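Asker: The UniProt record's numbering puts the first residue of the sequence shown at 1, with every later residue one more than the last. Got a structure for you, questions after.
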Amino acid sequence: MSYQLNNNIATISIDDGKVNAVNMAFIDQLYRHLDTAEREASAVILTGRPGMFSAGFDLKALKASQASADELVHRGMEMLVRMYEFPLPLISACAGHAIGIGAFLLLVSDNRVGSAGDYQVTLPETAIGMPFTPVLMQLLKERVSSQCLTTAALQSVPHSPEQAVDAGFLDAVVEIEQLTPQVEALAEKLMALPKERYSANKRDIRADALRAMKASLAKG
């Protein structure tokens, strides 16, 4: 994972050379970069690489032991909550598969732009026999369109980029060569908004959802 600041826009790029799995190291690195961005940037872009945004939780870590799995899932939920209330404009640029918590990284972003391409946004939880945590359930209700909730969440149907727009995972799909210019232009537009008011209004608009998610985390 790398961090670059340019014209007050922080770009956090996820690329582990494999599937961009979410594990403890991933979360630690993302937290450090978000901390840095909060100090020095006015907007944040989160991006993967062509072909892979994130394939979700690290399966090896989940299978290591029940204790390690529980800890990783809990920290993953904390990460999503932090991103959902992040005070700066947070934009995801998606040019590859977003699976499981990878798809939820899109849902917690303020704006999501995808590239056209042969990849899918998928919530495999039902298909692999996993429950949605209260945090995930709250995000599904907040961000996934009601007409697609059954197919996307309950039935684990993979969505193409265009279908992901209808479902609420993405806001728009552009050609791959336009992805970076589009998200940078969007970041410049959003960072022109009053910074403190953007943060306060985001917190207020999402207050009920954030309160419910934090309460579920406090229960362990």
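Where is the CB? At the ideal position from N, CA and C, for every residue including glycine. Remember, predicted model here, so these are calculated numbers, not experimental data.
1) Could you check whether Val113 and Val44 sit closer than 7 Å to each other, using their CB atoms as the reference points?
2) Identify the continuous beta strand (DSSP E) that holds Ile45 and give its terminal residues.
3) Give the straight-line distance between the Cα atoms of Ala21 and Gly56, rounded to the nearest whole angstrom.
4) Indicate the three-state DSSP secondary structure (helix, strand or coil) for Gln120 in the structure shown.
5) Would you mind stating whether Asn143 and Gly102 have Cβ atoms separated by less than 7 Å?
6) Give me, in chain order, the residues of the same chain whose beta-carbon lies closer than 8 Å to that of Ala41; leave out the 5 immediate sequence neighbours on both sides.
7) Using beta-carbon positions only, say whether Ile91 and Leu217 come within less than 7 Å of one another.
8) Determine which residues share a DSSP beta bridge with Arg112 and list them.
9) Grab the span of the beta strand (DSSP E) containing Phe53 for me, first residue to last.
10) List the endpoints of the continuous alpha helix (DSSP H) containing Ile205.
11) Could you say if the stretch 125-139 and the stretch 196-206 meet the contact criterion of at least three C-beta pairs nearer than 8 Å?
12) Using three-state DSSP, classify Leu5 as helix, strand or coil.
13) Is Gly48 near Ile14, with beta carbons less than 7 Å apart?
14) Would you give the residue range spanned by the beta strand (DSSP E) that Pro172 belongs to?
15) Taking Met83 as part of the alpha helix (DSSP H), name the residues at either end of that continuous run.
16) Have a look at the DSSP bridge pairing and note the partners of Val22.
17) Which whole-angstrom value is the C-beta distance of Phe53 and Leu80, which I expect to be below 8 Å?
18) Could you compute how far the alpha carbon of Met24 sits from the alpha carbon of Gln66?
19) Classify Gly129: buried if its beta carbon has 16 or more other beta carbons within 10 angstroms, exposed otherwise.
20) Considering only the beta carbon of each residue, do Leu106 and Ala95 sit closer than 7 Å?
21) Beta-carbon of Lys18 versus every beta-carbon of chain B: anything under 7 Å?
22) Is it the case that the Cβ atoms of Ile133 and Met83 are separated by a distance below 7 Å?
Answerer: Walking through what the data contain:
1) Against the sequence shown, residue 44 aligns to sequence position 44. Against the sequence shown, residue 113 aligns to sequence position 113. No, these two residues do not count as a Cβ contact at 7 Å.
2) What you label residue 45 is simply residue 45 of the sequence shown in a count that begins at 1. Secondary structure note for Ile45: its beta strand (DSSP E) is the uninterrupted segment Ala43 to Thr47.
3) As a first step, residue 21 is located in the sequence shown; it is residue number 21 there, counting from the start. As a first step, residue 56 is located in the sequence shown; it is residue number 56 there, counting from the start. Those two C-alpha atoms are separated by around 5 Å.
4) Counting from one through the sequence shown, the residue named residue 120 turns up at place 120. In this structure, Gln120 counts as coil in the three-state DSSP scheme.
5) Along the sequence shown, one-based indexing puts residue 143 at 143. Along the sequence shown, one-based indexing puts residue 102 at 102. Note on identity: in this sequence residue 143 is Arg, with Asn being the wrong assignment. Annotated as distal: Arg143 and Gly102, with beta-carbon spacing of 7 Å or more.
6) By one-based count along the sequence shown, residue 41 stands at place 41. Cβ within range, chain order: Leu5, Asn8, Ile9, Ala10 and Leu88.
7) As a first step, residue 91 is located in the sequence shown; it is residue number 91 there, counting from the start. As a first step, residue 217 is located in the sequence shown; it is residue number 217 there, counting from the start. 7 Å or more divides the Cβ of Ile91 from the Cβ of Leu217.
8) Start at 1 with the first residue of the sequence shown, and residue 112 comes out as number 112. Beta-bridge pairing links Arg112 to Ser92.
9) Your numbering for residue 53 matches position 53 in the sequence shown. Its beta strand (DSSP E) spans residues Gly51 to Ser54.
10) In the sequence shown, the residue the question calls residue 205 occupies position 205. Here the alpha helix (DSSP H) through Ile205 covers Lys195 to Ile205.
11) Too few Cβ pairs lie closer than 8 Å, so no.
12) Along the sequence shown, read from residue 1 onward, the residue named residue 5 stands at position 5. In the structure shown, Leu5 sits in a strand (DSSP, three-state: E or B).
13) Residue numbering aside, residue 48 sits at position 48 when the sequence shown is read from its first letter. Residue numbering aside, residue 14 sits at position 14 when the sequence shown is read from its first letter. Using a Cβ distance threshold of 7 Å, Gly48 and Ile14 count as a contacting pair.
14) For the purposes of this step, residue 172 is identified with residue 172 of the sequence shown, where counting begins at 1. The residue asked about is misnamed: residue 172 is Ala in this sequence, not Pro. Residue range Ala172 to Val174 is occupied by the beta strand (DSSP E) that includes Ala172.
15) Counted from its first residue, the sequence shown places residue 83 at position 83. Taken as a continuous stretch (DSSP letters only), the alpha helix (DSSP H) holding Met83 covers Gln66 to Tyr84.
16) As a first step, residue 22 is located in the sequence shown; it is residue number 22 there, counting from the start. DSSP lists Phe57 as partners of Val22.
17) Counting from one through the sequence shown, the residue named residue 53 turns up at place 53. Counting from one through the sequence shown, the residue named residue 80 turns up at place 80. With 8 Å as the limit, Phe53 and Leu80 do not qualify as a contact, their Cβ atoms being about 15 Å apart.
18) Residue mapping note: residue 24 aligns to position 24 of the sequence shown, counting from 1. Residue mapping note: residue 66 aligns to position 66 of the sequence shown, counting from 1. A direct Cα-Cα distance of roughly 15 Å separates Met24 from Gln66.
19) Numbered from its first residue, the sequence shown carries residue 129 at position 129. Exposure of Gly129 is indicated by the presence of fewer than 16 other C-beta atoms within 10 angstroms of its C-beta.
20) Looking up residue 106 in the sequence shown gives position 106. Looking up residue 95 in the sequence shown gives position 95. Result no, Cβ atoms of Leu106 and Ala95 do not sit closer than 7 Å.
21) Among the chains in the structure shown there is no chain B, since it carries only a single protein chain.
22) On the sequence shown, residue 133 is found 133 positions in, with the first residue counted as 1. On the sequence shown, residue 83 is found 83 positions in, with the first residue counted as 1. Before going on, a small fix: residue 133 reads as Thr here, not Ile. The answer is no: Cβ separation not under 7 Å.
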